[in-house]
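Chemist: Structure below; questions to follow.
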Amino acid sequence: MDYDYQPAIQIGTLATPKNQVLRNTYMMLALTMIPTVIGALFGMSTNFSFMAQHPVVFSLLMFGIMMGLMFGVSALRNSVWGIVALLGFTLVAGFFLGPILQVALHLKNGAQLVGMAAGGTGIIFGSLATIATVTKKDFSFMGKFLFIGLILLIVASFANMFFQIPALSLTISAIAILIFSAYILFDVSRIVNGGETNYVMATMGLYLNIYNLFINLLSLLMAFSGERD
């Protein structure tokens, strides 16, 4: 009897921390939407004329600020200040949604497109997160390919700041959607299988996936369905 009973206790004990990390991650992910919306409201009411005049400088500045905040969250991830830093990061990230939201809302159907992008992002995230959670399949094999794809995506995005090729912009957005969708599978799988045990870092990873999915979905919707005056 002892031989049959002991493994069940061990399995339950191992499963609890993973479930707790996943639960805490989803709760924190929901919480990050509040500062994101607040930041976006500020961003929509901000004059980004500097961005229009110096798009490359603005993009590099934004990238530098976001990377700095991400390193800050990582450094503080094991303390309560990590949560504060994460919420601050999402506030700034929401603010940087200002330019694309301003462009979208100047379209006749802009509000509808923003809603569609948000809804599409939610459906993609919910579907892929459910697949990773229910199947418990280990998607860690995708890590190297996704990282290489992400680096190439960043390089292509920076290059297109200079070339400004519309077709390349659309291609980059489409590839970005595929990459960040795959990252959802990868990141949720890591949580479910115990590869990520810090819910602050887990939340930041999933947040970035959702954030980039939304931006690129909205970009494609504006390009193909935007109704201009």
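Heads up, the sequence shown is in my numbering, so the first residue is 1 and it goes up one at a time. For each residue, glycine too, the CB sits at the ideal point set by N, CA and C. Fair warning: this is a prediction, and the values are worked out from it, not measured in the lab.
1) Are residue 207 and residue 146 touching if we call contact CB-CB under 8 Å?
2) Nearest CA to the CA of residue 228: which residue from 69, 136, 107, 164?
3) For residue 100 and residue 59, I'd like the C-alpha separation in whole angstroms.
4) Within 10 angstroms of its Cβ, does residue 82 collect 16 or more other Cβ (buried), or is it exposed?
5) Kindly indicate the opening and closing residues of the alpha helix (DSSP H) around residue 58.
6) Does DSSP put residue 19 in a helix, in a strand, or in coil?
7) By DSSP, does residue 127 sit in helix, in strand, or in coil?
8) Quick check on this structure: which residue in 158, 37, 91 has the alpha carbon closest to the alpha carbon of residue 61?
9) Going by CA-CA distance only, name the one from 205, 193, 30, 36 that's closest to residue 135.
10) How about residue 176 and residue 212: do their beta carbons lie closer than 8 Å?
11) Could you name each continuous alpha helix (DSSP H) segment of 4 residues or more that falls completely within the stretch 158-223, going from the start of the chain to the end?
Modeler: Reading it off the structure:
1) Numbered from its first residue, the sequence shown carries residue 207 at position 207. Numbered from its first residue, the sequence shown carries residue 146 at position 146. For residue 207 and residue 146, no; Cβs fall outside 8 Å.
2) Counting from one through the sequence shown, the residue named residue 228 turns up at place 228. Of the candidates 69, 136, 107, 164, the one whose C-alpha sits nearest the C-alpha of residue 228 is 107.
3) By 1-based counting over the sequence shown, the position of residue 100 is 100. By 1-based counting over the sequence shown, the position of residue 59 is 59. Taking the straight line from one Cα to the other gives about 13 Å.
4) The residue you call residue 82 lines up with position 82 of the sequence shown. That one is buried.
5) Along the sequence shown, one-based indexing puts residue 58 at 58. From DSSP, the alpha helix (DSSP H) with residue 58 extends over 55-75.
6) Numbered from 1 along the sequence shown, position 19 holds the residue referred to as residue 19. Helix at residue 19.
7) Locating residue 127 in the sequence shown gives position 127, counting from the first residue. In this structure, residue 127 counts as helix in the three-state DSSP scheme.
8) Within the sequence shown, residue 61 is the residue found at index 61, counting from 1. Ranking the options by Cα distance to residue 61, first place goes to 158.
9) In the sequence shown, counting from the first residue as 1, residue 135 sits at position 135. Measuring from the Cα of residue 135, the nearest candidate turns out to be 193.
10) Residue 176 sits at position 176 when you count from the first residue of the sequence shown. Residue 212 sits at position 212 when you count from the first residue of the sequence shown. Yes, these two residues count as a Cβ contact at 8 Å.
11) 166-192
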